[in-house]
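Worksheet: the structure to be examined is printed underneath.
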Amino acid sequence: MLREKVPVRYKNPHASDDLILGLDIIENTPVEEINGNILENSEIYKNWLQAEDDIPAPAIIIGGGDSINDHIEEIQNLMYDGAIVFALNGASQWARKNGIAVHYQVILDAKEETSDLVDSFADEHLFASQCHPATLYAAENLTLWHLNRPGTEELLPPQRVRDGGYALVGGDSSVGVCALCVAFIKGHRDLHIFGFDTSYRGGKSHGYKQRINATMPTMKTGWAGKEYTISLAMRDQCQNFMAYSAALKEAGCNFNVYGEGLLQSVYHADVDNLSEQDKYRLMWMFPAYRGVSPGEYIAEFYIEKFKPEGKIIDFGCGTGRAAIKFKAAGLEPLLIDFAGNCRDEEAADFPFLEWDLTKEIPGKAVYGFCTDVMEHIPTQDVDLVINNIMDTVDSCFFQISTVDDVGGELIGATLHHTVKPHNWWKDKFKGYRVDFAQNLEMASLFHVSH
52 MLREKVPVRY KNPHASDDLI LGLDIIENTP VEEINGNILE NSEIYKNWLQ
102 AEDDIPAPAI IIGGGDSIND HIEEIQNLMY DGAIVFALNG ASQWARKNGI
152 AVHYQVILDA KEETSDLVDS FADEHLFASQ CHPATLYAAE NLTLWHLNRP
202 GTEELLPPQR VRDGGYALVG GDSSVGVCAL CVAFIKGHRD LHIFGFDTSY
252 RGGKSHGYKQ RINATMPTMK TGWAGKEYTI SLAMRDQCQN FMAYSAALKE
302 AGCNFNVYGE GLLQSVYHAD VDNLSEQDKY RLMWMFPAYR GVSPGEYIAE
352 FYIEKFKPEG KIIDFGCGTG RAAIKFKAAG LEPLLIDFAG NCRDEEAADF
402 PFLEWDLTKE IPGKAVYGFC TDVMEHIPTQ DVDLVINNIM DTVDSCFFQI
452 STVDDVGGEL IGATLHHTVK PHNWWKDKFK GYRVDFAQNL EMASLFHVSH
């Protein structure tokens with residue numbers, strides 16, 4: 052049931068560096084219980100969400116971030132002009148107390164205590180089939196929707212699946228992102244989004260008191276020169292929002308994102324003024340960028356040819372798929388990357404260090420692996436990064452792309468800063484022994500040792 056191992060920093064005023072501890076994050080509801088809820092609820096409740104024709108009315112989607120308190124009048128004005136209000140969880144009760152009529156309350160969470168958030172005054176309740184039965188029982192005008200996750204339809208009544216006529220909702224585990232998809236399914240294309248802060252403000256996680264979030268573990272994250280306090284769920288929502296908002300825009304949606312917080316800062320980011328690290332944090336929020344993992348495809352060649360044993364450092368690990376192959380081969384991988392959100396879920400519990408390779412690298416190993424990283428390094432820093440890597444390991448395998456990148460188009464940025472031919476790169480290793488070199492059509496391979 053382990054969901055992820057997250058590095059959490061603790062500051063000691065008497066220490067020169069932060070203490071970094073791995074915090075095991077688990078799902079708040081076991082998968083078996085979620086599946087049981089889906090089985091039970093889909094048998095009882097027959098009114099399921101289905102796709103509707105496009106409608107001109109804008110959708111207001113209200114999350115729980117504290118910034119909603121800055122936009123009450125704007126929300127009210129949009130509502131008076133005919134916008135339809137979707138409120139998430141406890142934001143529905145907050146909206147009503149502030150003179151905002153809620154057309155739809157949206158809930159996803161499977162915990163039993165979520166039933167306390169049900170707003171009986173909302174016109175309609177759009178609740179996920181994975182919700183606890185007590186939550187659904189508290190709803191008076193219920194439409195059930197099903198999260199588009201592997202195996203969901205296997206839990207639904209077979210005849211209903213054969214009949215079709217219902218929609219599966221994207222958004223992963225984030226109720227906010229699911230609500231975007233729900234609004235789209237119901238025909239809305241003009242989306243006005245409030246309270247999607249995905250960070251704490253003034254020590255508060257929500258714009259109202261919400262007891263069930265009081266003990267949620269938090270961590271610090273940096274973005275565009277500012278530090279934010281977030282929970283794991285907030286981080287996931289921020290990343291999922293970027294991916295799904297891009298997909299919904301392609302499907303014809305218009306987005307208006309209000310408020311202040313981590314998500315708003317990421318969404319409105321001026322890419323030209325972002326640091327290199329933030330550019331990659333942004334890139335890894337798009338599933339398309341992690342579609343191809345070059346290290347994954349060359350890892351087996353490296354293992355077979357160079358026979359590494361024991362500890363290996365994967366410099367610029369990206370998705371971590373190469374490290375998965377190393378682990379399967381009996382190696383002990385340490386993953387290092389510029390952006391902490393790069394790894395796939397399957398590699399999330401591997402030892403990991405978020406690090407800038409232009410800095411002296413902590414740790415030592417006999418073997419190193421660095422694929423499709425060096426071309427991302429600014430040319431003036433190439434020698435420094437090579438030396439830092441080689442100071443850390445006895446030998447290192449490099450795969451270096453020799454062509455321009457295409458991935459940066461996702462955010463309008465150039466990611467390959469050093470696109471050079473094979474012999475240029477070979478000359479960069481002249482201070483070391485090049486045991487192996489191969490010039491491929493789009494990349495160069497080197498095995499370098501002392």
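For the sequence shown, the working numbering gives the first residue as 52, with consecutive numbering after it. Virtual Cβ for every residue (Gly too), placed ideally from N, Cα, C.
query	result
Rounded separation between G361 and L333 - CA only	33 Å
Whether Q101 touches G238 by CB criterion (8 Å)	no
Under 8 Å between C-beta atoms of W335 and N392	yes
DSSP state of G459 mapped onto helix, strand, coil	helix
Among T203, E396 and T443, the one whose alpha carbon lies nearest that of G414	T443
Spatial distance of K358 from I89 (CA atoms)	48 Å
Y279 - partner residues in DSSP beta bridges	T272
beta-carbon G133 near the ligand ATP non-hydrogen atom, thresh 7 Å	The model on display carries no ligand, and the ligand ATP is accordingly not part of it.
I375 versus F448 - alpha carbon distance	17 Å
Under 8 Å between C-beta atoms of V169 and F137	no
Beta-carbon spacing of L193, A179 below 8 Å	no
Supposed contact pair D395 and R341 - C-beta distance, whole angstroms, cut 8 Å	7 Å
Per DSSP, cross-strand counterpart(s) of L418	A small correction: the amino acid at residue 418 is Tyr; Leu does not occupy that position in the sequence shown. According to DSSP, Y418 bridges with I363 and S446.
Buried or exposed by the 16-neighbour rule on C-beta atoms within 10 Å, applied to F352	exposed
Supposed contact pair W196 and W99 - C-beta distance, whole angstroms, cut 8 Å	7 Å
A284 versus A142 - alpha carbon distance	17 Å
Three-state secondary structure assigned by DSSP to N92	helix
Coarse secondary structure for D248, derived from DSSP in three states	coil
CB-CB length for I119 against I113, believed under 8 Å	6 Å
For Y318, the nearest candidate out of N307, S256 and E355 (CA to CA)	N307
Where N120 falls: helix, strand or coil (DSSP)	helix
Per-residue DSSP class, three states only, for A179	strand
Backbone secondary structure at I428 - three-state DSSP	coil
Whether I111 touches H243 by CB criterion (8 Å)	yes
Distance CB(G310)-CB(H122) smaller than 8 Å	yes
Inter-residue spacing [alpha-carbon to alpha-carbon] between G115 and D160	14 Å
Cβ-based neighbour list, L435, same chain, cut-off 8 Å, excluding 5 preceding and 5 following	T409
Uninterrupted alpha helix (DSSP H) stretches inside the stretch 370-403 (no shorter than 4 residues)	372-379
Residues sharing a beta bridge with L193, DSSP	H176
Integer Cβ distance of Y331 from A390, believed to fall under 8 Å	4 Å
Contacts around G381, its chain only, beta-carbon distance under 7 Å, and the 5 residues preceding and following it disregarded	none
Burial state of P384, where buried means 16 or more other Cβ atoms lie within 10 Å	buried
Where I85 sits in the DSSP three-state scheme	helix
Exposure label - Y131; buried when at least 16 CB within 10 Å	exposed
Completely contained alpha helix (DSSP H) runs for the stretch 312-359, where each covers 4 or more residues	313-318, 327-334 and 345-357
Assigned secondary structure, S166 (DSSP; H/G/I helix, E/B strand, else coil)	helix
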